[in-house]
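In what follows, a structure is listed as structure tokens, so that the remarks can point back to it.
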Amino acid sequence: MGSHPDSKTSIWKTNISMLVLRSNPLRFKIVRLSDSRYDAVDLVSDSDSESEYSDEEDVSWHCEIFDSKSWEWKQSDDLNLTYYDSFKNTQDVSACGGLHWLMFNHEQDKYTILSFEGDKEERGMTSLPDSLGEKIVRVRSPMCHSKGNSG
Numbered sequence: 024m025g026s027h028p029d030s031k032t033s034i035w036k037t038n039i040s041m042l043v044l045r046s047n048p049l050r051f052k053i054v055r056l057s058d059s060r061y062d063a064v065d066l067v068s069d070s071d072s073e074s075e076y077s078d079e080e081d082v083s084w085h086c087e088i089f090d091s092k093s094w095e096w097k098q099s100d101d102l103n104l105t106y107y108d109s110f111k112n113t114q115d116v117s118a119c120g121g122l123h124w125l126m127f128n129h130e131q132d133k134y135t136i137l138s139f140e141g142d143k144e145e146r147g148m149t150s151l152p153d154s155l156g157e158k159i160v161r162v163r164s165p166m167c168h169s170k171g172n173s174g
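Just so you know, we're using the numbering used here here: the sequence shown kicks off at 24 and counts up by one.
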């Protein structure tokens, strides 16, 4: 158990998050979402094209879950998003036994929360009320934290 969890997937565009389910004894899960449009990218190719997808196709994100109990990665069902859905450049939130990511749909001009429930390993999407979305636009995330200060 002294080695790090190893996954066989080559990843270009990813969201990696860790969820602590229990602290004593330690039990955690790591969720890795990777954009499937980059699956066909040739690492040695000089081509300017990054994928075979057209600009407005729906996007599948591969979902891999590492469980510290089994010390193994497993492939979960892909997460299917529209071309207009994007992860916002914010920190994921670990709360209430789950992971939560802020997302934005550019076509609908709406914020949503993508959630992953740790014990059941289920995902769900929840739309935010418009009034909350307006507050998100006005608030900026700090670039970094150091000794209690943001900068």
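Cβ atoms here follow ideal geometry from the backbone N, Cα and C, with glycine treated the same way. From a predicted model like this one, the values you see are computed outputs, not experimental measurements.
CB contact flag (residue i, residue j, <8 Å)
i, j, result
"S138", "H123", "yes"
"R50", "S91", "yes"
"K52", "F89", "yes"
"S40", "D115", "yes"
"E87", "W96", "yes"
Given residue i as reference, the closest of the options once Cα atoms are compared
i, options, result
"R45", "L125, L155, G121 and E80", "G121"
"D101", "F89, C119 and D58", "D58"
Own chain partners of residue i with C-beta closer than 8 Å, once the 5 adjacent residues on each side are dropped
i, result
"D81", "N103, L104, T105 and Y106"
Cβ-based neighbour list, residue i, same chain, cut-off 6 Å, excluding 5 preceding and 5 following
i, result
"N128", "Y107 and D108"
"L151", "Y134"
"L125", "K111 and T113"
"R146", "F139"
Residue i - containing beta strand (DSSP E), residue span
i, result
"G121", "G121 to N128"
"K52", "L49 to D58"
"L151", "Run containing L151: none; DSSP gives neither H nor E here."
"W84", "V82 to D90"
"Q114", "Looking at the DSSP string, Q114 is not in any beta strand (DSSP E), and its letter there is neither H nor E."
"Y134", "K133 to E140"
"S40", "T37 to S46"
"D62", "That residue, D62, is in no beta strand (DSSP E); it is neither H nor E in DSSP."
Rounded distance between the beta-carbons of residue j and residue i, thought under 8 Å
i, j, result
"I20", "T149", "No answer is possible for residue 20: it lies beyond the span of the chain, which begins at 24 and ends at 174."
"R55", "T37", "6 Å"
Close Cβ partners of residue i (< 7 Å) along its chain, the five nearest in sequence each way excluded
i, result
"W84", "L56, S57, D58, S59, D101, L102 and L104"
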